[in-house]
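Protein sequences, first through last, are from chains A and B.
For the first sequence, this note's numbering gives the first residue as 15, with consecutive numbering after it.
For the second sequence, this note's numbering gives the first residue as 15, with consecutive numbering after it.
Protein chains: 2
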Amino acid sequence: MSMPATEDETLPREAPTGEDYGLHHEDVARCVDALDAGDTAAVQAVAESLHAADAADLIEALNPDQRVQLVRELGSAFEPETLSYLQAPVREEVLDHIGPRGLASALAALESDDAVEIFEDLDPSFQQRILTQLPEGYRLILEEAIAFPEDSAGRLMQREVAVIPVGWTVGETIDFMRSAVHLPADFYDLYVVDPKHKPQGKVPLSRVLRTKRATPITEIMEGDLNTVPYTMDQEEVAYLFRQYGLVSAPVLDDAERVIGMITVDDIVHVIDEEAEDDLMKLGGVGESDLYGRLIETTRSRASWLVVNLGTAVLASLVIGLFEATLQQVVALAVLMPIVASMGGNAGTQTLTVAVRALAMKDLTPANTVRFIGKELTVGFLNGVVCAVPTGIVAWLWFGRLDIGVIITLAMIVNLIVAGLFGTLVPITLEKLRIDPAVASTVFLTTITDVVGFFAFLGMAALFLL
Amino acid sequence: MSMPATEDETLPREAPTGEDYGLHHEDVARCVDALDAGDTAAVQAVAESLHAADAADLIEALNPDQRVQLVRELGSAFEPETLSYLQAPVREEVLDHIGPRGLASALAALESDDAVEIFEDLDPSFQQRILTQLPEGYRLILEEAIAFPEDSAGRLMQREVAVIPVGWTVGETIDFMRSAVHLPADFYDLYVVDPKHKPQGKVPLSRVLRTKRATPITEIMEGDLNTVPYTMDQEEVAYLFRQYGLVSAPVLDDAERVIGMITVDDIVHVIDEEAEDDLMKLGGVGESDLYGRLIETTRSRASWLVVNLGTAVLASLVIGLFEATLQQVVALAVLMPIVASMGGNAGTQTLTVAVRALAMKDLTPANTVRFIGKELTVGFLNGVVCAVPTGIVAWLWFGRLDIGVIITLAMIVNLIVAGLFGTLVPITLEKLRIDPAVASTVFLTTITDVVGFFAFLGMAALFLL
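See the structure below:
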């Protein structure tokens with residue numbers, strides 16, 4: 015392209031390197047110093063130098079007392095957008111301090127989807143107090159939004175959307191855009207609608223810009239439009255965006271009229287949340303554990319640990335069946351954790367793959383049988399790979415070939431069982447419409463512990479004594 | 015907005031409901047039937063009815079023989095874009111069948127970033143064979159791209175980018191867009207550059223559309239631009255997009271000139287990959303495990319299991335130290351797995367939170383001490399919560415108060431240790447620039463097993479005998 019020389023040197027800026035992005039340790043230190051000194055101007059200077067997302071990270075990096083102090087020092091300089099970047103537990107702390115009036119004016123300053131995201135997490139009684147403080151228009155949007163099902167497209171969407179009638183030309187479209195007031199702050203596609211407001215197609219903005227004014231909009235429109243019913247679950251919406259590489263999609267009401275729009279930046283958050291959710295559930299922790307109050311974190315983790323305690327006691331009961339055997343051959347007590355541990359680990363491998371594949375819709379009825387077959391084979395092969403050296407070590411260690419043979423067999427059995435239940439447990443939970451990530455681990459390790467101890471000690475009781 | 019009535023009824027389409035999206039079980043069944051019948055036309059009809067992303071899912075749902083058969087039946091009707099949606103192991107199978115000539119023409123039909131993504135995974139010798147088959151222009155782009163570091167912004171970017179000089183008006187910009195040929199297929203932002211091709215700011219397309227022709231572009235430009243050096247790691251790029259809600263960002267060379275662009279749809283893939291990576295590594299499995307060949311999956315999982323076997327044997331050695339104690343009090347053998355299991359679970363909880371927080375840059379030097387303090391406290395509290403009932407059960411079960419007291423103390427110790435090392439292990443690995451997800455679990459469970467058995471049996475040896 016031609017690049018006319020220009021003398022405009024009024025914008026000398028250095029491009030940042032990668033490490034310049036995000037909140038810096040020094041920003042936190044400067045803020046803490048300013049807070050300690052009670053220097054309001056310095057505190058405000060730090061906050062103002064930061065993007066709202068980084069300001070949110072700053073608040074999260076402070077301790078609870080400092081957070082309250084920061085919000086107080088900022089006063090009306092507090093940037094409403096910061097709220098939408100805060101993790102839920104920290105946001106609650108900040109909102110407690112801002113109060114209903116401050117929150118009402120903050121919400122009115124945000125885009126509708128961001129306002130809904132904050133509003134939906136509030137207590138119903140607090141929601142009512144906020145609503146009475148809001149101007150009519152905002153009140154209606156929020157009331158409508160929380161009437162949509164939780165985690166639905168209706169909650170996720172923004173109301174501001176750019177639609178044009180099917181009969182327009184590119185020129186008419188551009189003229190309309192220049193004069194319209196109720197458009198979103200930023201958007202990437204125009205939706206073309208019929209007189210009933212039903213979508214007929216979409217036009218990426220770059221295509222509008224590149225086309226002559228006289229061209230009818232239908233000529234550059236993509237008719238194959240991916241639309242989102244307002245009831246669609248946000249995970250489904252994320253699947254749609256990811257599968258077809260969408261940048262935006264229109265949301266439809268029951269009569270299939272365009273009522274809003276979802277953009278890919280909202281979806282990035284959903285994808286992050288989803289991924290975090292699976293990871294956290296497999297690890298036996300709740301969401302927002304990191305910033306949760308100590309007592310909440312303790313309680314939410316304890317519930318999982320208590321379940322695990324129950325299953326551990328169950329495994330001990332199995333061991334208890336063989337007390338007499340253990341008394342006579344104490345080597346069994348030394349070796350038995352190996353069998354259980356290997357089963358648990360192999361099962362976790364299978365489970366992790368299955369849970370992820372279910373979440374990504376890669377594990378479907380079409381390939382379930384093949385998947386289970388593969389896992390059984392992998393379980394058997396790795397059973398042999400791990401069990402034979404273990405048997406040899408056991409034989410050499412205790413000088414008893416029979417113990418070596420028994421641990422070898424028990425471990426192979428346990429790894430096959432691990433492969434089988436590592437797939438069956440999450441698939442069954444999914445069928446029962448229970449999140450396969452949340453309960454799988456505890457079921458599975460119970461099975462591998464019980465089978466591991468039972469196979470090893472049972473064979474020992476039968477053949478050694 | 016005004017909505018002029020129109021009589022255009024030439025586009026009657028029904029909006030799909032949410033469940034219509036994605037590959038259906040029936041599509042797979044139809045395809046398999048057509049393959050079995052050797053009905054080329056029917057096979058092609060199924061493939062043509064699908065979006066490239068769904069066609070890729072179809073190929074993945076077939077077994078390896080069917081995949082080869084499908085590719086053969088499709089012949090030149092095979093849609094090149096499908097390749098970029100395939101998981102790596104399946105893509106390899108397909109490429110084996112397509113051969114270098116077919117791949118060369120497929121690559122030439124794709125956008126540069128998609129072509130690079132496929133090309134970079136090939137064997138170097140295969141890459142050379144492809145390069146000789148490609149037209150000059152494509153060859154240079156691919157050669158340059160693979161010269162960039164792996165997983166860098168240079169690899170991720172597309173070469174096609176929309177830049178305009180700093181002196182233009184909105185009208186000049188639109189006129190240029192209408193006549194330019196080397197623009198990306200779709201784009202969302204224009205980058206404004208100085209005569210040296212250094213970026214000065216960006217303009218979202220919606221803003222160009224909404225502004226009068228005479229307005230200078232600098233007036234609607236966002237000067238606060240997030241740029242990406244070509245060397246930046248893709249995880250950093252993903253952080254940047256996520257943190258600031260970006261839709262696109264320009265990529266700069268060493269002289270800070272714009273050489274390409276990264277768009278948010280590429281980032282969605284990176285975020286998915288990253289999340290999958292952490293999940294898989296914590297679960298002890300490799301990437302692309304699901305579609306990996308049986309023998310590769312077995313081998314990659316075996317390596318992890320063998321490491322775990324080593325640590326399990328280590329734990330057994332600890333138990334072995336107390337053979338004499340176990341011989342005299344067999345109840346200890348029954349109870350000891352409870353102590354180890356609870357430590358492992360509590361440690362995994364902490365570890366999961368820490369690994370995720372490190373990946374999301376939520377765990378920083380600014381809050382590390384607070385995080386460790388919290389985990390120690392949670393460990394202690396949940397230690398007490400779980401250990402006291404366990405102690406009572408043990409006391410009632412075996413009728414010995416001393417065993418109850420010892421298991422209580424051992425479990426509290428182990429849960430505190432779990433909290434401590436659940437944080438220290440991943441933080442230390444991160445400091446050493448080792449991925450904290452990959453090696454954390456094995457370190458941690460070794461520690462909780464060893465500490466659990468040692469604390470429980472050690473106290474028993476000291477106080478019971």
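For every residue, glycine included, the Cβ atom is placed at its ideal position computed from N, Cα and C.
Everything numeric in this text was worked out from a predicted model, so none of it was measured.
Cutoff 7 Å; reference residue i; Cβ partners in own chain excluding five residues on either side
i, result
"B/Gly48", "In the sequence on display, residue 48 of chain B carries Ala and not Gly. For B/Ala48, where only same-chain residues beyond five positions count, the Cβ hits under 7 Å are Ala56, Val57 and Val60."
"A/Met425", "Val353, Met356, Gly397, Cys400, Ala401 and Thr404"
"B/Leu72", "Leu37, Asp41, Val42, Cys45 and Leu64"
"B/Ala408", "Leu349, Ile417, Gly418 and Ile421"
"B/Asp280", "Asp127 and Leu170"
Proximity below 8 Å, CB of residue i to CB of residue j
i, j, result
"A/Thr422", "A/Ala401", "yes"
"A/Leu476", "A/Gln342", "no"
"B/Val130", "B/Arg105", "no"
"A/Thr437", "A/Thr391", "no"
"A/Thr245", "A/Ser262", "no"
"B/Ala380", "B/Ile420", "no"
"A/Ala228", "A/Gly185", "yes"
"B/Leu293", "A/Thr366", "yes"
"B/Gly254", "B/Val272", "It is worth fixing the name first, because residue 254 of chain B is Leu in this sequence and not Gly. Result no, Cβ atoms of B/Leu254 and B/Val272 do not sit closer than 8 Å."
"A/Tyr305", "A/Pro103", "yes"
"B/Ala316", "A/Gln257", "no"
Inter-residue CB distance, residue i and residue j (contact presumed, cutoff 8 Å)
i, j, result
"B/Val206", "B/Met235", "5 Å"
"A/Thr187", "B/Arg192", "That pair is no contact at about 14 Å."
"B/Ala167", "B/Val282", "The pair is not a contact, with the Cβ atoms about 16 Å apart (cut-off 8 Å)."
"B/Val85", "B/Ile112", "7 Å"
"B/Thr312", "A/Leu377", "The Cβ separation is near 19 Å, so there is no contact."
"B/Asn240", "A/Tyr35", "7 Å"
"A/Val439", "A/Ser454", "5 Å"
"B/Gln147", "B/Ala118", "4 Å"
Span of the alpha helix (DSSP H) around residue i
i, result
"A/Gln83", "Pro78 to Leu88"
"A/Gly151", "Glu150 to Ala161"
"B/Met425", "Leu415 to Lys445"
"B/Gln172", "First-last for B/Gln172: undefined, no H or E at that position."
"A/Asn396", "Thr382 to Phe412"
"B/Ile188", "Val184 to Ser193"
Minimum Cβ-Cβ distance from residue i to chain B less than 8 Å
i, result
"A/Pro149", "no"
"A/Phe201", "yes"
"A/Ile188", "yes"
"A/Ser220", "yes"
"A/Glu106", "no"
"A/Arg115", "no"
"A/Tyr244", "no"
"A/Arg473", "Note that residue 473 of chain A is Met in the sequence shown here, rather than Arg. Output row for A/Met473: interface = no."
Beta strand (DSSP E) segment containing residue i, residue limits
i, result
"A/Val206", "Asp203 to Val207"
"A/Ile2", "For residue 2 of chain A there is no data in the structure shown, the boundaries of chain A being 15 and 479."
"A/Leu266", "Ser262 to Leu266"
"A/Ile273", "Val272 to Thr277"
"A/Gly215", "Pro213 to Pro218"
Cutoff 8 Å: residue i Cβ touching any chain A Cβ
i, result
"B/Lys388", "yes"
"B/Asp449", "no"
"B/Ala354", "yes"
"B/Tyr152", "no"
"B/Val1", "The requested residue 1 of chain B does not occur in the structure, where chain B is confined to residues 15 to 479."
"B/Gln142", "no"
Cβ neighbours of residue i in the same chain (closer than 6 Å, five flanking residues each side left out)
i, result
"B/Leu156", "Phe133"
"B/Glu174", "Pro198"
"B/Ala529", "Residue 529 of chain B falls outside the range modelled here, since chain B spans only 15 to 479, and no answer is possible."
"A/Glu87", "Thr54 and Val57"
"A/Trp182", "Ile231"
Residues of its chain near residue i, where Cβ-Cβ distance is below 8 Å and the 5 sequence neighbours each way are ignored
i, result
"B/Leu434", "Ile386, Glu389, Leu390 and Gly393"
"A/Thr339", "Leu346, Leu471, Ala474, Ala475, Leu478 and Leu479"
"B/Ala547", "With chain B covering 15 to 479 only, the question about residue 547 of chain B has no answer from this structure."
"B/Glu444", "Leu372 and Pro450"
"A/Ala91", "Gln58, Ala61 and Glu62"
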